[in-house]
Every structure is written in structure tokens, then in C-alpha cells.
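Engineer:
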């Protein structure tokens, strides 16, 4: 791990459960010397990514808020997707959710609420389980076999617990079925009373750059026309992919 990567990994330490950290705790967590830790912290505070608090501990800094605003306003997928997602929610009465993958983490980047006003446990920016729910599955289904093999070797227990296979061949076969279908319907996989239908947002290389999902309480989902929902969802995802490609976002 490079010094820059190690320094930036400090940002991942700040969570709801651990919102502040002392210098000593950070150095212990990183396995680095105190002088090195102080150097990292000085750089992060100077850039506004961290804030030094009155008791000498550290928390996330105001630059994070600025970057979040920039992401929401200039990221082409979000800029293109937001009006289309509002339209999709109005057409279907469902929440529409955009999901992206970063390394081995799945996060929702935008959500348009339907009339049910769902209170979802995994809101915007909070990492979701990598192998549960429709959005992760449709994203993973477009990945090459080598990448999936590496994921399986790293997360075999989580994959088995999610019912996605007890061997790498079974894992890849499950995802191949999803890729062939082009969508995934989940019922209670992530949250007990919630159903969803998800499709990939494809990039120019046919790899998913994200996923688009319709989310709704299972009590309503069971009685809806899934074929119509899928038609509208695919149309929206295709438009997002096409229009974002004009901004050279899709890879």
C-alpha cells in the first residue's frame, strides 16, 4: 500500500459508530509510527478533509460536504439520471434508486421517493452488502470471470451466506443467469418487507457502471405488473447510459 493510499484510508475509519479518532488510535489502526501519523493528519487537515477538534481528536472536515455537493451537481450519471428517476417514480409509484460500485463496496448514490416514503436502512452513501439485493447482482453479473473469481476467493463465506453459491463455479453460474436475464427481482433480500427489481446501467464496454432499481413494499410489489415495471426501468437505464456516454462518463 502506497503512502498516499494509506493516508486516504484514514477517511474510511470515520463511521457512525466511530465519528472521532485520536492520533494514537489512528496510528495504531494504520500500524504506522506517530510521526508518520501526524504527517498524514496534517495533510488531511490542511486540505479540509479532516477537522481537528477541541479535545485534540479528529473528525471529518468541511471539504467532504463540498465534494458531496460537487458530486451531486456535476457527476454526469447523476445529472442525467435525476430527472429520469423522478419521472420513473412518478410513472410507477415506486422509489427509484441508483447504485454504484467502488472497489468491493456497493453504495446508493441517488434516490427518488415514491408515495410510500420508504425508510430504507441503506441510504445514500452507506455501503450495502455486496451480495444481497438486486442492484449488486446485476452489476456483478457484467464482470469478467477473473474479477468474479477474485471476489469469490475474498468473500466466499459472505457469498455462501447470501445463497449465491458454495463454489466459485456455482457463484459465476448464478451471475451468468442474471446477466442472461438482464435483471434481478429481489424480495426481502436486503430488508424484510421490501421488494425490488434492478437492471444494470451499462457502459461502452458492456460492463455495468451502476444499477437502477425500483423499490417498493412487498405487499404492493406482489400485485404490480412486473413486465411493465421492467419495461419502464430498462428504458430509463438505457437513456441514462446513452446520455451519460455523450459526456464520456461510461467506460
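Numbering (the UniProt record's numbering), first residue to last: 1 to 251.
Even glycine gets a Cβ: it sits at the ideal position worked out from N, Cα and C.
So which of 149, 184, 102 has the shortest CA-CA distance to residue 127?
Structural biologist: The sequence position of residue 127 within the chain shown is 127, counting from 1. The shortest Cα separation from residue 127 among 149, 184, 102 belongs to 102.
Engineer: In this structure, what does DSSP give as the bridge partners for residue 208?
Structural biologist: Locating residue 208 in the chain shown gives position 208, where the first residue counts as 1. Answer is 202.
Engineer: Between 150, 61, 114, 86, which has its C-alpha nearest residue 104's C-alpha?
Structural biologist: In the chain shown, counting from the first residue as 1, residue 104 sits at position 104. The option with the nearest alpha carbon to residue 104 is 150.
Engineer: Taking 6 Å as the limit between beta carbons, can you name the residues of its chain near residue 244, skipping five residues before and five after?
Structural biologist: Residue 244 sits at position 244 when you count from the first residue of the chain shown. Excluding positions up to five away in sequence, the list reads 76, 77, 80, 250.
Engineer: Which residue's Cα is closest to the Cα of residue 189: 161, 112, 182, 14?
Structural biologist: As a first step, residue 189 must be located in the chain shown, where it is residue number 189. Nearest C-alpha to residue 189: 161.
Engineer: At the level of alpha carbons, what is the spacing between residue 179 and residue 209?
Structural biologist: By one-based count along the chain shown, residue 179 stands at place 179. By one-based count along the chain shown, residue 209 stands at place 209. Distance between the alpha carbons of residue 179 and residue 209 is about 14 Å.
Engineer: State buried or exposed for residue 58, treating a residue as buried only when at least 16 other CB atoms are found within 10 Å of its CB.
Structural biologist: On the chain shown, residue 58 is found 58 positions in, with the first residue counted as 1. Per the 10 Å Cβ criterion, buried.
Engineer: Opposite residue 58 in the DSSP bridges: which residues?
Structural biologist: As a first step, residue 58 is located in the chain shown; it is residue number 58 there, counting from the start. According to DSSP, residue 58 bridges with 21, 52.
Engineer: Output the distance between the C-alpha atoms of residue 119 and residue 35, rounded to the nearest integer angstrom.
Structural biologist: On the chain shown, position 119 is the one that residue 119 refers to. On the chain shown, position 35 is the one that residue 35 refers to. Approximately 44 Å between the Cα atoms of the pair.
Engineer: Residue range of the alpha helix (DSSP H) that residue 14 falls in?
Structural biologist: Here residue 14 is taken as the residue at index 14 of the chain shown, counted from 1. Segment: none, residue 14 is in no alpha helix (DSSP H) and carries neither H nor E.
Engineer: Would you list the one or two residues that DSSP bridges to residue 101?
Structural biologist: In the chain shown, the residue the question calls residue 101 occupies position 101. According to DSSP, residue 101 bridges with 106.
Engineer: For residue 124, which of helix, strand or coil comes out of DSSP?
Structural biologist: Stepping through the chain shown from its first residue, residue 124 is reached at position 124. Residue 124: strand per DSSP, three-state reduction.
Engineer: Leaving out the 5 sequence neighbours to the left and right, which residues in its chain are closer than 7 Å to residue 94 when beta-carbon positions are compared?
Structural biologist: For the purposes of this step, residue 94 is taken as residue 94 along the chain shown, with counting starting at 1. Here the set comprises 114, 214, 215, 216.
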